[in-house]
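In terms of the UniProt record's numbering, the sequence shown opens at residue 1 and continues consecutively.
Just so it is clear, CB atoms sit at the ideal spot from N, CA and C, and this is done for glycine as well.
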Amino acid sequence: MTNQMYVVYICDKKNMPVNLVQGYGATEAGGISLMIDRDECSRIGSSGRISHNVEAKIVDIVTGEPLSIGQKGELWVRGPSIMTGYVGDDEANAASFDSEGWLKTGDLCYIDQDGFLFVVDRLKELIKYKAYQVAPAELELVLQSLPEIVDAAVMPYPHEEAGEIPMALVVRQPGSKVTEAQVMEHVAKQVTPYKKVRKVLFVDSIPRSPAGKILRRQLKDHMQSCIVSRL
């Protein structure tokens, strides 16, 4: 059950007279999208519809060309609430804006046929497997759907031929004897071939912030120390 599903479930279970508000934004842009009622919040995984004072488009992460409904790409936004730039940092401004004033959010997203925004992952977190881009967050949701798994994270692992491969760091349920092969098979049944997890490391915990965000720098250090200790 995702965090969003859990909140909806608790509010229904306790008959709480509250309105749920789910949104998405950024320091440089303020509020970008919002869902404002129980019906909209039932669209699990979405961050709501784009705010009225914001223009948004999904573009190809290589060419910058606009993509169609449902296609995944980088979210670009523009509008009066968007910052005008970083003070005294021309290099950062050139990297963050295009010539028409669109702010590049750095988030991999898509917008469905009803105008709901879905945030898939941060572009900088994508795993470069051969010519493909693999989003760790997508695989983490699949891993966490396995009852034997308490928590999981996916990181890039260097590979001579592929460049990087998806590696899962998995916290098993107490007493669980689920194997690396079983974990990989579980994922392989639910994703396209290039997204498959190709290595599994069982760990005691996944470092997270108080808000539940995976601390990937700490996780990378932890992953490397675990691998070295097992050599």
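Beta-bridge partners of residue i, as assigned by DSSP
i, result
"tyrosine 110", "Phe118"
"residue 232", "Outside the modelled stretch of the chain, which goes from 1 to 231, sits residue 232, for which no answer is possible."
"isoleucine 149", "Arg172"
"histidine 186", "Answer by DSSP bridge pairing: none, since histidine 186 is not bridged."
"glycine 101", "Beta-bridge pairing links glycine 101 to no other residue."
"glutamine 133", "Lys128"
C-alpha gap between residue i and residue j, whole angstroms
i, j, result
"proline 147", "arginine 78", "42 Å"
"methionine 223", "glutamate 140", "16 Å"
"leucine 215", "isoleucine 32", "24 Å"
"arginine 49", "phenylalanine 116", "5 Å"
"glycine 45", "glutamate 100", "30 Å"
"glutamine 173", "lysine 196", "22 Å"
"aspartate 181", "glutamine 144", "The sequence given here has alanine at residue 181, not aspartate. Taking the straight line from one Cα to the other gives about 16 Å."
"phenylalanine 23", "histidine 159", "With the sequence shown as reference, residue 23 is identified as glycine, and phenylalanine is not the correct amino acid for it. So the alpha carbons of these two residues sit roughly 37 Å apart."
"leucine 201", "serine 225", "12 Å"
"isoleucine 61", "lysine 124", "11 Å"
Cβ-Cβ distance between residue i and residue j below 8 Å
i, j, result
"valine 171", "alanine 152", "yes"
"proline 136", "valine 119", "no"
"alanine 94", "tyrosine 86", "no"
"isoleucine 127", "proline 166", "yes"
"glutamate 28", "methionine 83", "yes"
Exercise for the section: For the region 66-81 and the region 97-111, state whether three or more C-beta atom pairs, one from each stretch, are separated by less than 8 Å. Expected result: As far as the Cβ criterion goes, the region 66-81 touches the region 97-111, which means the pair count is three or higher.
Handout entry: Unbroken stretches of the beta strand (DSSP E), 3 residues or longer, contained in the UniProt domain "AMP-dependent synthetase/ligase" (17-86)
Key = 22-26, 30-35, 55-59, 73-78
Practice task
Count the CB pairs spanning the region 181-196 and the region 206-220 that are closer than 8 Å, and state whether there are at least three.
Solution key: no
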